[in-house]
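Novice:
Residue numbers (our numbering): 7 to 354.
1) Comparing C-alpha positions only, which one of 202, 54, 268 sits nearest to residue 355?
2) Do residue 275 and residue 50 have their CB atoms nearer than 9 Å?
3) Please classify residue 339: does DSSP put it in a helix, a strand, or coil?
4) Note down, in chain order, each residue of its chain lying with its Cβ closer than 8 Å to the Cβ of residue 302, except the 5 sequence neighbours on either side.
5) Who are residue 43's beta bridge partners in DSSP?
6) Starting from residue 183, follow its DSSP beta bridges and name the residues at the other end.
7) Got a sec, what are the start and stop residues for the beta strand (DSSP E) residue 293 sits in?
8) Measure the alpha-carbon distance for residue 242 versus residue 108 and round it to whole angstroms.
9) I need the straight-line Cα distance from residue 287 to residue 221, nearest angstrom please.
10) Is the distance from the Cβ of residue 175 to the Cβ of residue 160 below 9 Å?
11) For the putative contact between residue 67 and residue 82, defined by C-beta atoms under 8 Å, what is the C-beta separation to the nearest angstrom?
12) Spell out the partners DSSP gives residue 329 in its beta bridges.
13) Counting along the chain, where does the alpha helix (DSSP H) carrying residue 59 start and finish?
14) Between the C-alpha atoms of residue 217 and residue 260, what's the straight-line distance to the nearest angstrom?
15) Here's the rule: buried if 16 or more other CB atoms are within 10 angstroms of the residue's CB, otherwise exposed. What is residue 214?
16) Tell me residue 277's beta-bridge partners as DSSP assigns them.
17) Would you grab the beta carbon distance between residue 71 and residue 119 for me? Rounded to a whole angstrom, and I think it's under 8 Å.
18) As a quick exercise: from 11, 34, 32, 33, pick the residue whose alpha carbon is nearest that of residue 23.
19) Considering only residues of the same chain and omitting the five flanking positions on each side of residue 88, which have a CB-CB separation below 8 Å?
20) Which of the three DSSP states is assigned to residue 138 in this structure?
21) Express the C-alpha separation of residue 256 and residue 45 in angstroms, rounding to a whole number.
22) Within a Cβ cutoff of 8 Å, which residues of the same chain sit near residue 188, ignoring the five residues on either side of it in sequence?
23) Determine the direct distance from the alpha carbon of residue 245 to that of residue 30, and round the result to whole angstroms.
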């Protein structure tokens with residue numbers, strides 16, 4: 007019997023690798039002759055770096071970059087075993103966990119360090135960059151990141167912004183000039199692993215939905231939203247790209263929109279990127295059973311999450327799927343309509 011173990015992390019308890027190992031240990035006690043193949047998964051947020059480096063037998067690289075509060079941090083990124091693809095987690099350079107609660111202020115935080123990581127990876131000669139954008143501390147539409155890549159921003163007086171931009175400064179930008187962007191950027195394709203569909207602005211946009219968890223008050227959210235709207239219009243005027251209606255453009259404080267506009271990046275479901283890069287499909291074709299899981303299985307699980315992505319793939323090959331959750335929500339049974347055959351909680 008071939009069993010594929012493809013869980014997401016159980017947030018606050020286990021990484022996806024630890025979850026897969028725990029599943030394998032339990033299975034071997036009951037079915038000692040079963041062959042378990044572990045494929046730890048991620049949906050594009052934190053964890054995608056570890057998952058894809060391990061799956062491709064890649065290597066980690068380290069670089070000192072600017073953190074979200076403009077202080078230096080040591081960030082890591084990965085390159086796949088074949089040397090063709092770099093994996094970057096925005097959280098490594100511009101993440102919320104890099105700040106204590108008193109330092110969380112999206113009016114002041116910048117994504118500059120993420121741009122430095124992108125440039126470092128491109129300088130390694132890779133052909134593709136996969137960017138996981140979960141866990142960000144910023145709301146600057148990727149303007150700080152763009153500066154690190156060589157984009158120049160000017161104020162109303164025609165003066166270039168020499169310090170990294172933040173969410174509070176976007177409204178002061180009057181001109182965007184991409185003529186000095188690093189030539190390395192045109193040599194790579196960039197895929198943004200994104201599991202949200204929020205637009206850049208509005209009540210369901212980046213500022214109002216994600217701003218509070220980054221330290222924004224309601225008043226700050228209003229200002230951030232206005233700044234993103236102003237900046238989004240400027241992007242369309244300057245670059246001819248409408249990011250205000252871009253589904254997923256509000257991800258990571260608008261970095262998704264910014265990177266699409268300046269680098270031609272593509273927004274993709276995180277689980278789809280991980281499935282493609284990990285090579286799990288070849289194993290699922292031959293499997294007798296697939297087991298997936300996450301910290302909590304509920305109605306939200308069907309929105310671009312690991313469990314549904316894995317179930318969809320397994321159903322294509324008529325392989326049964328079991329999902330294990332740290333807990334089950336009252337509406338957990340809805341996932342049974344999306345390719346999962348059975349659900350179980352590991353807490354009884």
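Note that CB positions come from ideal geometry on N, CA and C, so glycine has one too.
Specialist: Quick look at the numbers:
1) The structure shown does not extend to residue 355, since the chain is modelled only from 7 to 354, so the question has no answer here.
2) Their beta carbons are under 9 Å apart, which means residue 275 touches residue 50 by this criterion.
3) helix
4) If we look at residue 302 and ignore the five residues flanking it on each side, its Cβ neighbours are 331, 332, 333, 334, 335.
5) 10
6) 158
7) That residue, residue 293, is in no beta strand (DSSP E); it is neither H nor E in DSSP.
8) 35 Å
9) 40 Å
10) no
11) 7 Å
12) 298, 349
13) 54-61
14) Within the model, the alpha-carbon separation for residue 217 versus residue 260 is close to 11 Å.
15) buried
16) Partner(s): none; residue 277 has no beta bridge.
17) 4 Å
18) 11
19) Excluding residues within five positions, the ones whose Cβ falls inside 8 Å are 62.
20) strand
21) 30 Å
22) 125, 128, 155, 156
23) Going from the Cα of residue 30 to the Cα of residue 245 covers about 51 Å.
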